[in-house]
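Peer 1: Going line by line, the protein sequences match chains A and B.
Add 520 to the 1-based position in the first sequence for the working numbering, that's all there is to it.
Add 8 to the 1-based position in the second sequence for the working numbering, that's all there is to it.
The beta-carbon is built from N, C-alpha and C at its ideal position, and this holds for glycine as well.
Can you read through this structure? Questions will come right after.
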Amino acid sequence: MIAAPPPGEPITARLDMDGRILSADDPLARLQADAGGDPQGTLAIPALAALVRLAARLRIPISRAVQAAQGDADISMWVQIRPEAEGYSLSIVDWQVRAPRQWPGELGVLMARRFAPPEPGWPWQVDTQLRFRQVAAQAASIGHEPPREGEPLTAYFRLDAVIAEDVSPMPLVEALALRMPFTDQHARLRVDEGVEYRISGEPLFDEDGALMGYRGRAVPQEAKRTEQPAVAPASDEQAAEVHSIFGNGMFGPGFAPRLEQALRQPIGRIIANADSIAEQTQGPLREEYAGYGADIARASRHLLGLVDDLSDLQAIERPDFKVARERIDLADIARRAASLLHGQAGDRGIRVQTPPLGESALACGEYRRVLQILCNLLGNAIRHTPRDSTIWVRVDAEDGRARVVVADQGGGIDPVDHERIFERFERLGLSGGDGSGLGLYISRRLARAMDGDLTVDSALGQGARFTLDLPVWTDA
Amino acid sequence: MTGGDEPVQQRHGGEWEGTRLGARFSRGLAMEVRHGADLARLADDAPGRWTDAMLAETRIHLAGLMNNVEQSLIIDLSRDPAASAFTMLDPGYARQAIERELALLSPELLRHLRHRASVSLLLRQHRIPGGILSRLESEARGNGRYLDALAGLSLAERNWCGPMLLDATMQPDLPAELFHDLVWTVAALLVRGCGAQASTPDPTLTAAIARAAEGLIARHDEGQGAMALARRCARALSADQRFAIAPHALTEARLLLFAAIVECEGGIALDDVLEALIGPQDRDRFALLRVMGLDDAGAFQVAEMLAPVTGLADGGDAALVDFVEAYRAFDAEQAVQWLLDRMNPRALADKLALLDRR
Chain A
521 MIAAPPPGEP
531 ITARLDMDGR
541 ILSADDPLAR
551 LQADAGGDPQ
561 GTLAIPALAA
571 LVRLAARLRI
581 PISRAVQAAQ
591 GDADISMWVQ
601 IRPEAEGYSL
611 SIVDWQVRAP
621 RQWPGELGVL
631 MARRFAPPEP
641 GWPWQVDTQL
651 RFRQVAAQAA
661 SIGHEPPREG
671 EPLTAYFRLD
681 AVIAEDVSPM
691 PLVEALALRM
701 PFTDQHARLR
711 VDEGVEYRIS
721 GEPLFDEDGA
731 LMGYRGRAVP
741 QEAKRTEQPA
751 VAPASDEQAA
761 EVHSIFGNGM
771 FGPGFAPRLE
781 QALRQPIGRI
791 IANADSIAEQ
801 TQGPLREEYA
811 GYGADIARAS
821 RHLLGLVDDL
831 SDLQAIERPD
841 FKVARERIDL
851 ADIARRAASL
861 LHGQAGDRGI
871 RVQTPPLGES
881 ALACGEYRRV
891 LQILCNLLGN
901 AIRHTPRDST
911 IWVRVDAEDG
921 RARVVVADQG
931 GGIDPVDHER
941 IFERFERLGL
951 SGGDGSGLGL
961 YISRRLARAM
971 DGDLTVDSAL
981 GQGARFTLDL
991 PVWTDA
Chain B
9 MTGGDEPVQQ
19 RHGGEWEGTR
29 LGARFSRGLA
39 MEVRHGADLA
49 RLADDAPGRW
59 TDAMLAETRI
69 HLAGLMNNVE
79 QSLIIDLSRD
89 PAASAFTMLD
99 PGYARQAIER
109 ELALLSPELL
119 RHLRHRASVS
129 LLLRQHRIPG
139 GILSRLESEA
149 RGNGRYLDAL
159 AGLSLAERNW
169 CGPMLLDATM
179 QPDLPAELFH
189 DLVWTVAALL
199 VRGCGAQAST
209 PDPTLTAAIA
219 RAAEGLIARH
229 DEGQGAMALA
239 RRCARALSAD
249 QRFAIAPHAL
259 TEARLLLFAA
269 IVECEGGIAL
279 DDVLEALIGP
289 QDRDRFALLR
299 VMGLDDAGAF
309 QVAEMLAPVT
319 GLADGGDAAL
329 VDFVEAYRAF
339 DAEQAVQWLL
349 DRMNPRALAD
359 KLALLDRR
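See the structure below:
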């Protein structure tokens, strides 16, 4: 709890034109830190930040009362904000720490009763940083330790994604980005993953409409199950329906559109929203939460990659799959692929040495498919080669064949696995991380569809050389 | 009195001038009547009940605020040679010109004007004789911060209850957003007014008016407004003092102070409390009175005091008795439910209020 400053002494701060703190008196600096803001960053106290935005938008001095949550109490402030040539001066002339409202007499009793409805689970409230603000639960009543005030929700619960049609995989994440209510977020306690929860919540807004946090209920799964009817075993008709959907092989005729609708669009939304969280475009966040946003975006991109791979897989396994026969330059495509993955390589300090400008290796194939293969090979090489090493991409043409070789300095592949790595979903026992296990399978299928091949030459500890071999282009 | 579309009047002498003045007077009178009719039509479209007295008060507030802004701009522009055309406009030009452009008034400003009109109308009718120590002061003896703020509030309220003259000015103690809106409205009317007089458009004049408007906005201090001062009063009181003073604030027609106390205690915005007090729903008033602990006698006094704006006066004494009986049946549980409804998301509360009005 931040103590009230001596009466009569204003608390002051100076902000730059972008609303970032240049200097702030101690109580305000502590409130800023407590709200998860950077001491020199943009104001993280929602109500104050809203006033600064208003003063900035209208270029008018502001003088009014605002409230900020502070643990079990509220800080009620009278704030004066004055636009100046170099930014804004902020002065708090009345700082009051208030306990929750105590209603007199019968009104107080009724209020208390209304705020404790007999619902399953326990109520919670978090701020914009997803840190617990109010938890009414007691350990004795919920069977385990309740979250501590200030503890991040994501540190207390592990949020589970649910992959199912018509269901958002991470309702909380999507709702947070859209400032919407959510229900049915699957979660489990981090300290005991056997304890499952369903979380629901709704956003809280301040007077100016800025998000103040979320509040809702956490319902233990056991408690929820007792309220729901038991699930009946599937009937014969239901079983037949299931078979009709999944029994005709992996992909039905409407697979691609369904995939597009069911996965690509929601994942795209998740990526966009998670990116906006990571880049803090909607307001300041503590670094670790911005980091969570980046993690969600990265994981979602991986999912999107998997969707792309599955979509490709469906395409190349169709009997009528065809590729174009174009005049392509393997050296040029190799340079383009390298430039596409330049950032990814740079992050790991990896240098990609491509064929020098002027060198070419004309081949016959479909431009975008070859680019897809080379991006896959280069992406694999970047993931598996050590930091600060080099990947070589070479081209040549000989005996009517044009080749492009991608060589890395990674751990290499045991010769007994040389064929296995081209199988579907084969990841050589790797778990987690990137990759769907479909990239090389698809790349080889594409190469062979272009009358070429994709092979590997490697041994453990000696790096790997992937060779894409295609027919040489002839003008005849 | 001049028409809003005739910013510059030719001045002649002699007998002809008398005729001319007579014509101008007639036309001016017609314009005033039209102003009233237009404002009434605008009020018809706006939510809430508008009595004739409220319309008259609203007109005075709007005119006073606009006159003040216009005069401030004139003073600023008098030092700017680019703005010589400005001096060709008659005083009170913007106030008259708004008659033809009532759509320029934003719903937010109109809502605020309605609140101001209600507050000042009731204050005029319940002026406490001087020399008598009000319960608002005696209940908080020794609380210097509160008493200072209360004195400031009293002065600000007096500003709202000045002489009802359309040519008078009123301190523009508006919230920042509304002041911003009003200044640019006046500025736009002046630009158009000057433009109508010039043979060729003068961009330097527009720039000069814009500069003056920006300067006026930058000097505004919403903290000195009546609403801000009422909030300062409420903040300076302890919770016990707030509950002790609230009923007296209401019975003494100090709506702003009462609304600020409810805002402070109940978390309902001051504007929403005012709306509930002067709105069409008795249920809203019952809840506010019950929440702040008014007894039946207090409720009777409040009903009587609010009657000119709520329309209760139309029903005579019988309506007052009905009001108190209904209040007696409105228990604390219903008041709590009302309060909880107000704590719903603002958008939901707005829509429910709209539905209630139908």
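1. Go through its chain and collect everything with a Cβ distance to Q232/B's Cβ below 7 Å, but skip five positions before and after it.
2. Distance check for Y676/A and L237/B, CA to CA, integer angstroms please.
3. Just to make sure I have the definition right: I need the residues of chain A whose C-beta is within less than 8 Å of the C-beta of G152/B. Which are they?
4. Looking at L130/B and M313/B, is the spacing between their C-beta atoms short of 9 Å?
5. Would F841/A be called buried (16 or more neighbouring beta carbons within 10 Å of its own) or exposed?
6. Starting from A220/B, find everything on chain A with Cβ-Cβ shorter than 9 Å and list it in chain order.
7. Count the other C-beta atoms from every protein chain shown that fall within 10 angstroms of the C-beta of Q104/B, then say buried if there are 16 or more, exposed otherwise.
8. In the DSSP output, which residue or residues are listed as bridge partners for G607/A?
9. Rounded to whole angstroms, what's the CA-CA distance from L698/A to H120/B? Just pull it up for me.
10. Looking at the structure shown, is F1004/A part of a helix, part of a strand, or coil, going by DSSP?
11. For R923/A, which beta-bridge partners are listed by DSSP?
12. Just confirm the distance between the C-beta atoms of P316/B and T59/B, as a whole number of angstroms; I'd bet it's less than 8 Å.
13. Return the Cβ separation of G960/A and Q892/A in integer angstroms, given the expectation that the two are a contact with Cβ distance under 8 Å.
14. Contact check, R923/A vs L988/A under 8 Å by CB: the rounded distance?
15. Residue ranges of each beta strand (DSSP E) run of no fewer than 3 residues wholly in the region 818-870 of chain A, ordered along the chain?
16. Only counting the same chain, and skipping five residues up and downstream in sequence, which positions put a Cβ closer than 8 Å to that of I911/A?
17. At 4 residues or longer, what runs of the alpha helix (DSSP H) sit wholly inside the region 102-144 of chain B?
18. Tell me the rounded alpha-carbon separation between L542/A and D680/A.
19. Run down chain A in chain order and give the residues with a C-beta less than 8 Å from the C-beta of D229/B.
20. I580/A by DSSP, collapsed to three states: which one?
21. Buried or exposed: where does H862/A fall if 16 or more other Cβ atoms within 10 Å of its Cβ makes it buried?
22. Note down, in chain order, each residue of its chain lying with its Cβ closer than 7 Å to the Cβ of I962/A, except the 5 sequence neighbours on either side.
23. Count the other CB atoms within 10 Å of the CB of E604/A; is the residue buried (16 or more) or exposed (fewer)?
24. By Cβ distance below 8 Å, which residues in the same chain neighbour E671/A in space, the five residues on each side in sequence not counted?
25. Taking contact to mean 3 or more Cβ pairs, one atom from each stretch, closer than 8 Å, check whether the region 217-228 of chain B and the region 240-250 of chain B are in contact.
26. Per DSSP, I595/A is paired with what?
27. Taking a contact to mean a Cβ-Cβ separation below 9 Å, would you say D919/A touches S880/A in this structure?
28. So P740/A packs on V715/A, CB below 8 Å; how close in whole Å?
29. Would you say R350/B reaches chain A, if we count a Cβ-Cβ gap shorter than 9 Å as a contact?
30. By the DSSP assignment, the beta strand (DSSP E) with V344/B in it spans what residues?
31. Give the secondary structure of T910/A by DSSP, where H, G and I count as helix, E and B as strand, and everything else as coil.
32. Could you tell me whether the Cβ of Q800/A comes closer than 9 Å to any Cβ of chain B?
33. Which residues of chain A have a Cβ atom closer than 9 Å to the Cβ of E147/B, listed in chain order?
34. Rounded C-beta distance between R737/A and E722/A? I'm assuming under 8 Å.
35. In three-state terms, what does DSSP make of I790/A?
36. Whole angstroms are fine: how far does the CA of A585/A sit from the CA of S126/B?
Peer 2: Looking at the atomic coordinates:
1. Position 224 of the second sequence, counting from 1, holds the residue named residue 232/B. Hits under 7 Å: D181.
2. Within the second sequence, residue 237/B is the residue found at index 229, counting from 1. Within the first sequence, residue 676/A is the residue found at index 156, counting from 1. If you take the alpha carbons of L237/B and Y676/A, they lie about 45 Å apart.
3. Taking the second sequence and counting its residues from 1, the one referred to as residue 152/B is at position 144. Neighbours of G152/B on chain A: none; closest Cβ ~11 Å, over 8 Å.
4. Here the question's residue 313/B lines up with position 305 in the second sequence. Here the question's residue 130/B lines up with position 122 in the second sequence. Yes.
5. Residue 841/A sits at position 321 when you count from the first residue of the first sequence. By the C-beta density criterion, F841/A is exposed, having fewer than 16 other C-beta atoms within 10 angstroms.
6. Here residue 220/B corresponds to residue number 212 of the second sequence, with the count starting at 1. Those within 9 Å of A220/B in chain A number zero; the least Cβ separation is about 14 Å.
7. Residue mapping note: residue 104/B aligns to position 96 of the second sequence, counting from 1. Q104/B is buried by the Cβ-count criterion.
8. As a working note, residue 607/A is residue 87 in the first sequence. DSSP output for G607/A lists D536/A as bridge partner(s).
9. Start at 1 with the first residue of the first sequence, and residue 698/A comes out as number 178. Start at 1 with the first residue of the second sequence, and residue 120/B comes out as number 112. Approximately 32 Å, taken between the alpha carbons.
10. Past the edges of chain A, shown from 521 to 996, lies residue 1004/A, and the structure says nothing about it.
11. Here residue 923/A refers to the residue found at position 403 of the first sequence. DSSP lists D916/A, D989/A as the bridge partner or partners of R923/A.
12. The residue labelled residue 316/B in the question sits at position 308 within the second sequence. The residue labelled residue 59/B in the question sits at position 51 within the second sequence. Between T59/B and P316/B the Cβ distance is about 7 Å, and since that is below 8 Å, they are a contact.
13. Position 440 of the first sequence holds residue 960/A. Position 372 of the first sequence holds residue 892/A. It is Leu, not Gly, that sits at residue 960/A in the sequence shown. Their Cβ separation, rounded to whole angstroms, is 12 Å, which puts L960/A and Q892/A out of contact at 8 Å.
14. Stepping through the first sequence from its first residue, residue 923/A is reached at position 403. Stepping through the first sequence from its first residue, residue 988/A is reached at position 468. The Cβ separation is near 7 Å, so the contact holds.
15. Listed in chain order, the complete beta strand (DSSP E) runs (minimum 3 residues) inside the region 818-870 of chain A are 846-849.
16. Stepping through the first sequence from its first residue, residue 911/A is reached at position 391. Non-local beta-carbon contacts of I911/A in its own chain, meaning distances under 8 Å to residues more than five positions away in sequence, involve A865, I870, R871, V872, Q873, L898, A901, I902, T905, V926, A927, D928, Q929 in chain order.
17. 115-133
18. Stepping through the first sequence from its first residue, residue 542/A is reached at position 22. Stepping through the first sequence from its first residue, residue 680/A is reached at position 160. Approximately 40 Å, taken between the alpha carbons.
19. In the second sequence, residue 229/B corresponds to position 221, counting from 1. Simply P581, S583.
20. Within the first sequence, the letter at position 60 stands for residue 580/A. DSSP places I580/A in coil when its eight states are reduced to three.
21. Indexing the first sequence from 1 puts residue 862/A at position 342. So H862/A counts as exposed.
22. In the first sequence, the residue the question calls residue 962/A occupies position 442. D829, D832, L833, I836, listed in sequence order.
23. Reading the first sequence from its first residue, position 84 is the one you call residue 604/A. With fewer than 16 Cβ atoms within 10 Å of its Cβ, E604/A is classed as exposed.
24. For the purposes of this step, residue 671/A is taken as the residue at position 151 of the first sequence. Answer for E671/A: R651, F652, listed in chain order.
25. no
26. Locating residue 595/A in the first sequence gives position 75, where the first residue counts as 1. In DSSP, I595/A forms a bridge with A588/A, V617/A.
27. The residue given as residue 919/A occupies position 399 in the first sequence. The residue given as residue 880/A occupies position 360 in the first sequence. No, the Cβ-Cβ distance between D919/A and S880/A is not below 9 Å.
28. To locate residue 740/A, count along the first sequence from 1; it is residue 220. To locate residue 715/A, count along the first sequence from 1; it is residue 195. With 8 Å as the limit, P740/A and V715/A qualify as a contact, their Cβ atoms being about 7 Å apart.
29. Taking the second sequence and counting its residues from 1, the one referred to as residue 350/B is at position 342. No, no contact with chain A.
30. Stepping through the second sequence from its first residue, residue 344/B is reached at position 336. Unbroken run through V344/B is the alpha helix (DSSP H), 340-350; no beta strand (DSSP E).
31. The count along the first sequence starts at 1 and reaches residue 910/A at position 390. DSSP places T910/A in strand when its eight states are reduced to three.
32. Residue 800/A sits at position 280 when you count from the first residue of the first sequence. So, not an interface residue.
33. Start at 1 with the first residue of the second sequence, and residue 147/B comes out as number 139. Near E147/B there are no residues of chain A at all, since even the closest Cβ is about 16 Å away, more than 9 Å.
34. Here residue 737/A refers to the residue found at position 217 when the first sequence is read from its first residue. Here residue 722/A refers to the residue found at position 202 when the first sequence is read from its first residue. At roughly 10 Å, the Cβ-Cβ gap does not stay under 8 Å, so R737/A and E722/A are not in contact.
35. Taking the first residue of the first sequence as position 1, residue 790/A is located at position 270. The answer is helix: DSSP assigns I790/A an H, G or I state.
36. Within the second sequence, numbered from 1, the residue matching residue 126/B stands at position 118. Within the first sequence, numbered from 1, the residue matching residue 585/A stands at position 65. Cα to Cα, S126/B sits roughly 24 Å from A585/A.
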